[in-house]
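A.B. asks:
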Amino acid sequence: MIRVVTIVSAILVAATWFAGWWGVPLVAAIVGVLLCTRRGIAGLVALAAVVAWSVLILVDGASGRFGALADVVARTLTLPAAALLAVTLLFAALLAWSAAALGVEIGRVSRRGGE
Amino acid sequence: MIGRTLRVIVAVLVLFGGLFVGARAIAPAPALGPFLEPAHGVWSLARSTAMPARADGSVPGLRDSVQVVYDDRAVPHVFARSEEDAYRALGFVVARDRLFQLFVQTLAASGRLTEIGGAQTLPLDREMRQLGLPRAAERAVARAGETSAMSRVARAYADGINAYIRSMPASALPLEFRLLGITPPEWKPIDSYYLQNRMGWTLANIANERDRAVAAARVGRNAAVALFPDDSPIQEPIQPNGQHAPRLDFHRLPPAGAPDSASMLVAAAADAFAPSQQLAQREPGEPATRSLASNNWAVSPARSASGHALLAGDPHLDLTLPSIWYETHLVVPGALDIYGVTIPGLPPVVIGFNRDMAWTFTNTGADVMDVYVEQVDDMRHPTRYRVDGAWRPLERRVEVYRGRHGETIAADTMYYTHRGPLQLVRGRWVSLRWTVLESGSEAAGFLAGSHARTAREFEDAMAASYRAPAQNMLAADRGGHIAIRSTGRFPIRPGTGTGSVLFDGASSASDWKGDAPVADWPQGFDPAQGYLTSANQQPIDPRAAHIWFGGSWDPWRALRINELLRADSAVTVDAMRRFQTDPGSARADLFVPYFLRAAQRVAARGTGANPAVLEEAARVLAQWDRRYTKTNTGAVLFEAALRETAVETWDELNPHADGRRLFPSSAVLLELMSDSASAWWDDRNTPAVEDRDAILASSLVSAFLATRRSYGAPGGSGWEWGKIRHANINHLLFIPALSALGLPVQGGPGTLSPSSGNGTQGASWRMVVELGPTLRAWATYPGGQSGNPASARYRDRLPQWLAGTLEAVHVPMRPSDLAASQRSATLVLRPVR
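Chains as they are written, first to last, in my numbering: chain A, 2 to 116; chain B, 224 to 1056.
#1: According to DSSP, is W201/B helix, strand or coil?
#2: Please identify the residue among D72/A, V56/A and I107/A whose C-alpha is closest to the C-alpha of L83/A.
#3: Can you find a C-beta in chain B that's less than 8 Å from the C-beta of A84/A?
#4: Using a Cβ-Cβ cut-off of less than 7 Å, list which residues of the segment 48–62 of chain A approach chain B; keep chain order.
#5: Cβ of R230/B less than 8 Å from any chain A Cβ?
#6: Check whether the Cβ atoms of P257/B and I58/A lie closer than 8 Å to each other.
#7: Name the residue from L322/B, Y310/B, G938/B and R789/B whose alpha carbon lies nearest to the alpha carbon of S374/B.
#8: Relative to the alpha-carbon of S10/A, which residue among R66/A, A29/A, W23/A and E106/A has its alpha-carbon at the smallest distance?
#9: In or out: Q504/B buried (at least 16 other Cβ within 10 Å) or exposed?
#10: Would DSSP call M1036/B helix, strand or coil?
#11: So, does the CB of P745/B fall closer than 8 Å to a CB anywhere in chain A?
#12: Which residues does DSSP list as the beta-bridge partners of W652/B?
#13: Among all the DSSP beta bridges, which residues are the ones paired with E993/B?
#14: Reducing DSSP to helix, strand and coil, say where P346/B ends up.
#15: Near A436/B, which residues of its chain fall below 8 Å by C-beta distance, leaving aside the five closest residues on each side in sequence?
#16: Alpha helix (DSSP H) containing G965/B: first to last residue?
#17: Between the segment 259–278 of chain B and chain A, which residues of the former have CB atoms less than 7 Å from a CB of the latter, in chain order?
#18: Does the beta carbon of I958/B come closer than 8 Å to any beta carbon on chain A?
#19: Return the residues of the segment 994–1026 of chain B that lie within a Cβ-Cβ distance of less than 8 Å from chain A, sorted by chain order.
#20: Going by DSSP, name the residue or residues bridged to G1006/B.
#21: According to DSSP, simplified to helix, strand and coil, what is L502/B?
#22: Thinking C-beta only, is R690/B closer than 8 Å to S662/B?
#23: Please say whether N1011/B and Y1017/B have beta carbons closer to each other than 8 Å?
#24: When you compare only the Cα positions, how much space is there between N981/B and N951/B?
#25: Between the Cα of D454/B and the Cα atoms of S901/B, A1031/B, A832/B and S775/B, which residue gives the shortest distance?
#26: Grab me the residues of A43/A's own chain with a C-beta within less than 7 Å of its C-beta, minus the 5 sequence neighbours each way, in chain order.
#27: R76/A touches chain B at which residues, Cβ-Cβ below 7 Å?
#28: Establish whether the CB of P510/B and some CB of chain A are separated by less than 8 Å.
#29: Given that G108/A touches chain B, what residues does it touch there, using C-beta distances under 7 Å?
#30: For A102/A and chain B, any beta-carbon pair shorter than 8 Å?
#31: Go to S925/B, then tell me how far its beta strand (DSSP E) extends in each direction, as first and last residue.
#32: Chain A partners of P257/B, CB-CB under 9 Å?
#33: Tell me, which residues are paired with L553/B by DSSP?
#34: Which bits of chain A does G241/B rub up against, with CB to CB less than 8 Å?
#35: For the segment 695–714 of chain B and the segment 747–757 of chain B, state whether three or more C-beta atom pairs, one from each stretch, are separated by less than 8 Å.
#36: Any beta carbon from chain A within less than 8 Å of A234/B's own beta carbon?
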């Protein structure tokens, strides 16, 4: 499980970096199709998305003004900073889970068709 | 099976929901995908909140490499080998720090805010376009030609901005662009001209003439002229008049007469071309635009402690975050060495100094806007207008307002006579002539002025090119000379010379006869008194002038700074700094005795309604030191009393069916004080006939009771000025989280650092320069160099500004003059090979 999450997280980091947010549902759907036989894969992909975006946010946070930025953006959107962070990770998780879940179904249907 | 189907349905809904909110903005939230995504979205902005210690860039058009050294105040010192390269680099660094400001100011100035704000911002855009400001910018560009200095500098500056936009990493896209879901467009040289015109719109449109016309419609023309006079009843002009004290030119105010209904057309016509913001700002005793003013003064070597000339300037403008100003230093060895502030989008340094001299401005408030009633061939669809019996074609221009996606939101057909834009007002077509619409060479004046070696050279360079908005230009040099001149176009009109009437557009005799020559402009060079001051007061004694040069502001700041300078024969740099936020008030000094004497007289007469309260209120007011410090507990009572007095006194003018409140200036109220039995004192709402003392006493009682009700016991902490009067510095998009609101400040109405109304205007830049063998300068402004709200430089200067302190500025001649400890970053810009 850890290996899957780690690998998928790494792929999601790269996908987000190069393709933006669209990379998350895209990669998640592909992983869902490829690993459709694995039980609970959609949840693992969602977890991987949270890990991937957390890593990217940590990279941003290393700049030193991350707290000020989080505070300013959160107050602009009239949210607590923690809630904004949670919304960010939840957004990634939901996109990843839903795309992976559909990928799993597509994978299963196509496998059944192949049999 | 059912569970699986349900899971698929939920997954589809979540996915499509996520994709929808990810890709599409649902106001006020931006599209969440690009906004939240951490690699390039809003979180990545953290990576660009500080300039890296060393960075490189390339700019097309650069002839040589340019080194930009940021000092410990985040001021970029640009070292270039040609002036055009310096302005290219300036464009780059301004864009790096203030990209959104560049963008939104340009949209506002060109009447294109609908492109981000939709139909909601249409009235603001209409205001710009109906005044003809974008058209005037296009014409100014055409007049400037391809080869003029300003054209070349504007192109170079645009090159720099666009080079930054193209090279900017996705992570550096400013927060505001992300919130709006847009990207910055290419910058065009004409954008600088739009901004220049916007400054004209801000500063060259004065309310006094409109107020006078409205007053005439309520109380007759004679009374209106007295209540809203051109000439200030208190004279201490900018051009020294040989007096050693202010002169009180008080006259008996004529009583209210029969309404002059024809004046409403004058007012309506003036309103049609007035800034909506100006019409909205009304406060009893503080007519509109009173805070949008400035101070400057200079001291000759004979009156300075160091024996060097000193200069101070603090322009009072709308306070915004980021600030209207951006501080910079441009060095081109042997050609240019200029330090000061620019307006992001306008390449020249507007206020500042070079190695030899320094300069700063205040607004004259001259009447440079006239309205003409035109005869047209067709009231509904005019194509021609008549002048001297002959028909002339109207210029027609369709103004199209676009939405965010290029869709048409509205379209207006505009018409122009040879005078300017035409508008339908109360069933008549009226056209506007305005110096701002015929200007455009101002930036060229700044560029020429930046090379001046002496105060005189600076004044003459500006006189040659600068037209609008007319400014009181103060300069001082290392040779010990000080100079001031009200510079700009001052139209000469037919007839009585006043612009406060509607002119007959059907006659060319109504047109301007030319402009006042430079020799007639208010000015002073090395005066015997040893100092020069301007605080928007009337620039020249009306006894010495044949036309009106402006100055409809109250004279209180002018009186105060003259008083301070007269009393100090050895002025220091620190005194100059202290004067900028001096809490003393000439206004309070003059009014308070009237209140105290009125309280005594009314008490003696035994006619007051509430003698115990009157006695206590008078005691509190008498104990007040007449200063507006943050902890002062007396100012609030005086302000309330004066406001109440204005409301009770000017009841003949208010309220009115049209809802427009009208208050003569507090200088006119002081003039009225000299006539204790004037009919203006009587409150028409009471059966008794009140005189001055009755009104002052009752106002003081009302003010005391209201203040006690609102703020608690007299003298308590609730009465502290700093808890009542605040500066409110709004973000350009009025986002509270990005603004600095409710800031306690020292100063009140009429003090040198004025704080009035809603606190959104004030000293936008404070500078003191000592012109010794080596020039030294100190400065600050409310905000910071960076436009990035998460940057440590976004509002880092606010504490100094609030405390009235200044920072010593670094003025290196070469990069190596800045010690390592004084540097924060270095940027090297290279030509594109």
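Where a beta carbon is used, it is the ideal one built from N, C-alpha and C, also for glycine.
C.D. replies: Considering the structure as presented:
#1: Outside the modelled stretch of chain B, which goes from 224 to 1056, sits residue 201/B, for which no answer is possible.
#2: The sequence shown places Ala at residue 83/A, rather than the Leu named in the question. Of the listed residues, the one whose Cα sits closest to A83/A is D72/A.
#3: no
#4: W54, L57, I58, D61 and G62
#5: Taking 8 Å as the threshold, the shortest C-beta distance from R230/B to chain A falls below it.
#6: no
#7: Answer by Cα proximity: Y310/B.
#8: A29/A
#9: With a pLDDT of only 48 at Q504/B, under the threshold of 50, the placement of this residue in the model should not be trusted, and no figure is reported.
#10: coil
#11: no
#12: Looking at the DSSP assignment, W652/B forms a beta bridge with L647/B.
#13: Answer is L533/B and R999/B, bridged to E993/B.
#14: P346/B carries a helical assignment under DSSP once its states are collapsed to helix, strand and coil.
#15: A447, S486, M487, V489, A490, A493 and S723, listed in sequence order.
#16: Not the alpha helix (DSSP H): G965/B falls in the beta strand (DSSP E), residues A963 to P967.
#17: L259, E260, P261, A262, H263, V265, W266, S267, L268, A269, R270, T272 and A273
#18: yes
#19: P1012, A1013, S1014 and A1015
#20: Partner(s): none; G1006/B has no beta bridge.
#21: No answer about L502/B holds up, because its pLDDT of 49 lies below 50 and its placement is not dependable.
#22: yes
#23: yes
#24: If I take the Cα positions, the gap works out to 7 Å.
#25: S775/B
#26: G33, W98, A101, A102 and V105
#27: A960
#28: Only weak support exists for where P510/B lies, its pLDDT of 44 falling under 50; the value from the coordinates is given anyway. So no, P510/B is outside the interface.
#29: Here the premise fails: no neighbours, minimum Cβ distance about 13 Å.
#30: Interface residue, yes.
#31: Under the DSSP assignment, S925/B falls outside any beta strand (DSSP E), being part of the alpha helix (DSSP H) whose first and last residues are R915 to Y934.
#32: Within chain A, the residues whose beta carbon sits less than 9 Å from that of P257/B are G21 and W22, listed in sequence order.
#33: Its beta-bridge partners are V301/B and I561/B.
#34: P26, F92, L95, L96 and S99
#35: yes
#36: yes
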